[in-house]
Amino acid sequence: MTNSIARNGPTPRAFDTIVYGGLIAGTLDAIDGVVAFGLAWRTPQEVLENLVVPLSKDWENFVADADSFVSEDSEVVAFGVYRGVNRATGRTLAVPFAHRWRVSDGRIASFVQYTDTILVKKAMP
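This note's numbering puts the first residue of the sequence shown at 25, with every later residue one more than the last.
Below you can see the structure in the form of structure tokens.
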């Protein structure tokens with residue numbers, strides 16, 4: 025079974041459950057249901073291989089903890105905090121983020137991440 029985000033516009037609830045639940049958890053079914061083929065990574069499998077798997081290798085208990093959302097038409101902006109422990113250094117990560125998502129035909133068509141990358145780098149080797 026695949027998921028999709030509402031065709032008449034994304035809802036914050038859809039992003040909380042589908043994207044920040046299944047996608048970040050790395051379930052291929054969740055990825056397959058919400059990622060459009062026009063996204064920078066062309067297939068759901070590439071999202072899994074190039075994002076989810078490396079995160080799980082480098083970080084223990086990694087989570088993108090989105091706690092508030094703004095939604096209008098086909099766009100959602102999520103605000104939250106990345107949390108985790110770097111496996112190599114043991115350093116804790118707690119870095120704020122904003123994610124801007126655009127949805128087309130019930131699937132994620134684009135994604136832009138805003139975060140303080142220097143704070144992420146400081147937790148890494």
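Each residue gets a CB set at the ideal place from its N, CA and C atoms; glycine is no exception. Fair warning: this is a prediction, and the values are worked out from it, not measured in the lab.
Using the C-alpha atoms, what's the distance from residue j back to residue i?
i      : j      : result
Lys81  : Ile132 : 25 Å
Ala88  : Asp129 : 25 Å
Gln137 : Phe121 : 7 Å
Val109 : Val144 : 11 Å
Arg115 : Ser95  : 34 Å
Val105 : Glu70  : 24 Å
Ala147 : Leu117 : 6 Å
Phe93  : Trp83  : 25 Å
Asn85  : Arg107 : 8 Å
Grab the span of the alpha helix (DSSP H) containing residue i for me, first residue to last.
i      : result
Ser80  : 77 to 82
Ala147 : 141 to 147
Is the beta carbon of residue i less than 7 Å from the beta carbon of residue j?
i      : j      : result
Ala112 : Pro149 : yes
Gly119 : Asp140 : Looking at the sequence itself, residue 119 is Val, so the reference to Gly does not match. Taking 7 Å as the Cβ cut-off, Val119 and Asp140 qualify as a contacting pair.
Which two residues bound the contiguous beta strand (DSSP E) that contains residue i?
i      : result
Glu99  : 99 to 110
Arg124 : 116 to 128
For the ligand PLP, any of its heavy atoms closer than 6 Å to the Cβ of residue i?
i      : result
Thr141 : Here there are no bound small molecules, and the ligand PLP is not part of this structure.
Meets three-Cβ-pair contact criterion under 8 Å: the segment 119 to 134 and the segment 94 to 110: yes
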